[in-house]
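For what it's worth, this note's numbering labels the leading residue of the sequence shown as -7, then goes sequentially.
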Amino acid sequence: MKKLFILLTAAAALLGQPGLADEEPAAPAVECVAAVEAPAAVSAAVAEEPAAAETTPAEGAATEKKSAFCGTFWALAPALFAIVLALMTKEVYSSLFAGVVLGACFVCDFSALDSMDFVVNQGLITALKDTSGVFIFLVVLGAFVCMINKTGAALAFGEWAQKNIKSRIGSQLATFVLGILIFIDDYFNCLAVGSVMRPVTDVKRVSRAKLAYIIDSTAAPVCMIAPISSWAAAVSQYSEGTGYNGLELFIQAIPYNFYSLLALCFVVMIILSRFDFGPMVRYERNAIKHGDLHTVCAEIESRESEDKAPRRAKLADLIVPVLLLIAIETFALVYVGGILEGKSFADAISATDATVALPWGALIAMAVVIVFYMLRRCISFRAAMRCIPEGFVAMVPAILILTLATSLKNVTSALEAREFIAMLVQNSASGLLNFLPAVIFVVAGVLAFSTGTSWATFGILIPIVVATFDPSSPLMYIGMSACLAGAVAGDHCSPISDTTIMSSAGAQCDHLSHVSTQLPYVITVSAVSFVAFLLAGFVQNWFIVFPLALVSLWVVLCVMKRRYAKLHPEED
-7 MKKLFILLTA AAALLGQPGL ADEEPAAPAV ECVAAVEAPA AVSAAVAEEP AAAETTPAEG
53 AATEKKSAFC GTFWALAPAL FAIVLALMTK EVYSSLFAGV VLGACFVCDF SALDSMDFVV
113 NQGLITALKD TSGVFIFLVV LGAFVCMINK TGAALAFGEW AQKNIKSRIG SQLATFVLGI
173 LIFIDDYFNC LAVGSVMRPV TDVKRVSRAK LAYIIDSTAA PVCMIAPISS WAAAVSQYSE
233 GTGYNGLELF IQAIPYNFYS LLALCFVVMI ILSRFDFGPM VRYERNAIKH GDLHTVCAEI
293 ESRESEDKAP RRAKLADLIV PVLLLIAIET FALVYVGGIL EGKSFADAIS ATDATVALPW
353 GALIAMAVVI VFYMLRRCIS FRAAMRCIPE GFVAMVPAIL ILTLATSLKN VTSALEAREF
413 IAMLVQNSAS GLLNFLPAVI FVVAGVLAFS TGTSWATFGI LIPIVVATFD PSSPLMYIGM
473 SACLAGAVAG DHCSPISDTT IMSSAGAQCD HLSHVSTQLP YVITVSAVSF VAFLLAGFVQ
533 NWFIVFPLAL VSLWVVLCVM KRRYAKLHPE ED
């Protein structure tokens, strides 16, 4: 019962978004108080009163008083309420906002005015400040994609792919390979792969839900096992006291990151076996038989009406801009990390801040690509400028969801959930040493599911892992891997995860459709990964454990396929 309580309470912490782990947020973390400060004008008026006057209501409102909900199990409520409401109503915006309001009420002891002030100032406004770099990147990338479409380059690529990629399997494998190649950052991966491969998979009648799954399952997992990535940079900062440098510790943990490795392998298994299960079956069947790529939310189709693109664009007009974007973004990441100050490439990647580097590189790439297209006479300057507001409009849903999800994180952080979870996990470590990797994997998964962020999850748990295990023991990096793998697993199935949101945006798929269709796949891989971590706690040799886990995953898929064939003999 104690472990069950730990797992349930682990979902309480909503913490920092990706890209924010390397520096302090623009606004300091909010302390859990029963009321917020009075407006400046009122405070100024009060200050003019005689010193002997009684305390005014405005001054009383400014007095900090810790809420009874802080640091307790109730920190779980806002996040779980938002998630359950979203899954029940299929409406993510109002559900997230309701979670923010509930959390603010807890922080402010249900004072109506103070709660509303907290929602606006510490929730929404702070969320916009903390993620403004990501928003700029989204808008620029949306304009970039819009410009590619207007030139006809995407259409030219679709025609080439129709001639050279002969099957649905080929289009899905091509998406998977491109996702593997773009390993620098998960945000960039989701949006770039989606914009490039969407015309190809559309032609081959691959549902948008399946495309979003492939994108999502190659974004965070490949970044988590790539030593040169923004994720490696975030993990590396927690190496103090381990006897390893940051990059060395990350590399040591890669072979034991069972979820990330198995998730990548499972994508290939699903594609080659031509077998889907869960809600994905309906989406794929509609795409294959009826050409309905969405199944739900037909309004998305209406927004995707193609402009009359000029026919002069060639395949190079897509390939060259994408390669330029990748090259400039890579330089931006190492530049922000300090490569021009004498740091090595690996050290620069470890020290970078993706929320600064990505918009930095995107703006430069956008300017270069505009000049390239104008020289190629593919688009006029005025038409290129019109792509900017159109790209912004295309990214509004992703920006709105990210704003609300970050607000929910801020509100729940104010409930001091991080300290509560850290205390529970650390106090429960004794006597479970060999079982701890599996326990850490589950706790990290539940925590990431509730917070919607992998980075915050391993930001909480890695220091605990480092303090728990002997640095000379293999359990150190096995426990580290369990933390990282659980964070990715929980992030994958969370409807408030930024990577999940980005994957939906990249595939132009209804967000809740993506969440519901991906969930059974995540649970399947997570179950096998849990057994693998349980075994690794005792065997402590990845060369034995990983092949066994891979074979087990294939056996599970074959059993499900055979069972499905018996239940539905009329289907292939």
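For every residue, glycine included, the Cβ atom is placed at its ideal position computed from N, Cα and C.
(request) Could you name each continuous alpha helix (DSSP H) segment of 4 residues or more that falls completely within the stretch 88 to 173, going from the start of the chain to the end? (result) Within the stretch 88 to 173, the complete alpha helix (DSSP H) runs of at least 4 residues are 104 to 110, 118 to 122, 124 to 143, 145 to 156, 160 to 173.
(message) For the pair the stretch 553 to 560 and the stretch 527 to 537, tell me if three or more CB-CB distances fall below 8 angstroms.
(response) The stretch 527 to 537 and the stretch 553 to 560 do not touch, with fewer than three beta-carbon pairs separated by less than 8 angstroms.
(request) Can you have a look at F337 and say buried or exposed, based on whether 16 or more other CB atoms are within 10 angstroms of its CB? (result) The residue in question, F337, is exposed, as its Cβ has fewer than 16 Cβ neighbours within 10 Å.
(request) Please confirm whether F323 and K553 have their CB atoms less than 7 angstroms apart. (result) No. Outside cutoff.
(request) Taking V198 as part of the alpha helix (DSSP H), name the residues at either end of that continuous run. (result) V198: not part of any alpha helix (DSSP H); DSSP gives it neither H nor E.
(request) Using three-state DSSP, classify H286 as helix, strand or coil. (result) Three-state DSSP puts H286 in coil, outside helix and strand.
(request) For A406, name the three-state secondary structure that DSSP assigns. (result) For A406, the secondary structure class from DSSP, reduced to helix, strand or coil, is coil.
(message) By the three-class DSSP mapping on this structure, what secondary structure does S257 have?
(response) One detail in the question is off: residue 257 reads as Cys in this sequence, not Ser. Reduced to three states, the DSSP call for C257 is helix.
(request) Would you be able to state if there are at least three C-beta pairs under 8 angstroms between the stretch 113 to 120 and the stretch 390 to 399? (result) Contact between the stretch 390 to 399 and the stretch 113 to 120 is present: 3 or more CB-CB pairs across the two stretches fall below 8 angstroms.
(request) Take Q164 as the anchor and find which of E151, A184, L147, M189 has the nearest alpha-carbon. (result) Measuring from the Cα of Q164, the nearest candidate turns out to be M189.
(message) By the three-class DSSP mapping on this structure, what secondary structure does S336 have?
(response) If DSSP states are grouped into helix, strand and coil, S336 belongs with coil.
(request) Helix, strand or coil for P539, going by three-state DSSP, please let me know. (result) Note: P539 maps to helix in three-state DSSP.
(message) Taking the straight line between their C-alpha atoms, what separation do you get for V326 and I246?
(response) In a straight line, the C-alpha of V326 is about 22 angstroms away from that of I246.
(message) Please tell me whether V328 and A349 are closer than 7 angstroms, where the distance is taken between their beta carbons.
(response) In contact: V328 and A349 (Cβ atoms closer than 7 angstroms).
(message) Measuring straight from C-alpha to C-alpha, what distance separates T1 and A477?
(response) Caution applies to T1, whose pLDDT of 40 falls short of 50 and renders its modelled position unreliable; the value that the coordinates give is listed next. Whole-angstrom Cα-Cα distance: 19 angstroms.
(message) Measuring straight from C-alpha to C-alpha, what distance separates M216 and Y248?
(response) Approximately 11 angstroms, taken between the alpha carbons.
(message) I'd like to check one pair, A135 with G383: are the Cβ atoms closer than 7 angstroms?
(response) The Cβ atoms of G383 and A135 sit closer than 7 angstroms to each other.
(request) Report yes if the C-beta distance between L540 and G471 is below 7 angstroms; otherwise report no. (result) No; because the gap between Cβ atoms is not below 7 angstroms, this pair is not in contact.
(request) Take M468 and list the residues in its own chain whose beta-carbon comes closer than 6 angstroms to its own, dropping the five residues that flank it on each side. (result) These residues qualify, in order along the chain: F461.
(message) For F89 and A74, what's the separation of their Cα atoms in angstroms?
(response) Distance between the alpha carbons of F89 and A74: 8 angstroms.
(request) Closer than 6 angstroms by C-beta to A145: which residues in its own chain qualify, once you throw out the five before and the five after it? Chain order, please. (result) Cβ within range, chain order: A305, D309, L310.
(message) Between which two residues does the alpha helix (DSSP H) holding P313 run?
(response) 308 to 328 is the extent of the alpha helix (DSSP H) around P313.
(message) What residue range does the alpha helix (DSSP H) around L527 cover?
(response) Segment 503 to 531, the alpha helix (DSSP H) holding L527.
(message) What would DSSP say about L467, mapped onto helix, strand or coil?
(response) Three-state DSSP puts L467 in a helix.
(request) Take H484 and list the residues in its own chain whose beta-carbon comes closer than 6 angstroms to its own, dropping the five residues that flank it on each side. (result) Correct list, in chain order: V514.
(request) Grab me the residues of N181's own chain with a C-beta within less than 8 angstroms of its C-beta, minus the 5 sequence neighbours each way, in chain order. (result) The residues are G171, I174, F175, I207, T210, A211, V214, C215.
(message) Nearest by alpha-carbon distance to A184: which of V548, F168, A474, R197 is it?
(response) The shortest Cα separation from A184 among V548, F168, A474, R197 belongs to F168.
(request) State yes or no: is the C-beta of A430 within less than 7 angstroms of the C-beta of F525? (result) Taking the C-beta atoms as reference points, F525 is found nearer than 7 angstroms to A430.
(request) Please state if the CB of A71 and the CB of S521 are separated by a distance shorter than 7 angstroms. (result) Going by beta carbons, S521 and A71 fall outside the 7 angstroms limit.
(message) I need the straight-line Cα distance from L147 to M377, nearest angstrom please.
(response) L147 and M377: Cα-Cα distance of roughly 20 angstroms.
(request) Would you mind stating whether L545 and L254 have Cβ atoms separated by less than 7 angstroms? (result) For L545 and L254, yes; Cβs fall inside 7 angstroms.
(message) Using only CA atoms, which one of I391, F65, V93 lies nearest to V132?
(response) Ranking I391, F65, V93 by Cα distance to V132 puts I391 first.
(request) Would you tell me roughly how many angstroms separate the C-alpha atoms of E276 and S199, rounded to the nearest one? (result) Straight-line Cα distance between these residues: approximately 5 angstroms.
(request) Compare the beta carbon distance of N402 and Q114 with 7 angstroms and say whether it is the shorter of the two. (result) Contact: yes.
(request) Give the DSSP-derived three-state secondary structure of R190 in the structure shown. (result) In the structure shown, R190 sits in a helix (DSSP, three-state: H, G or I).
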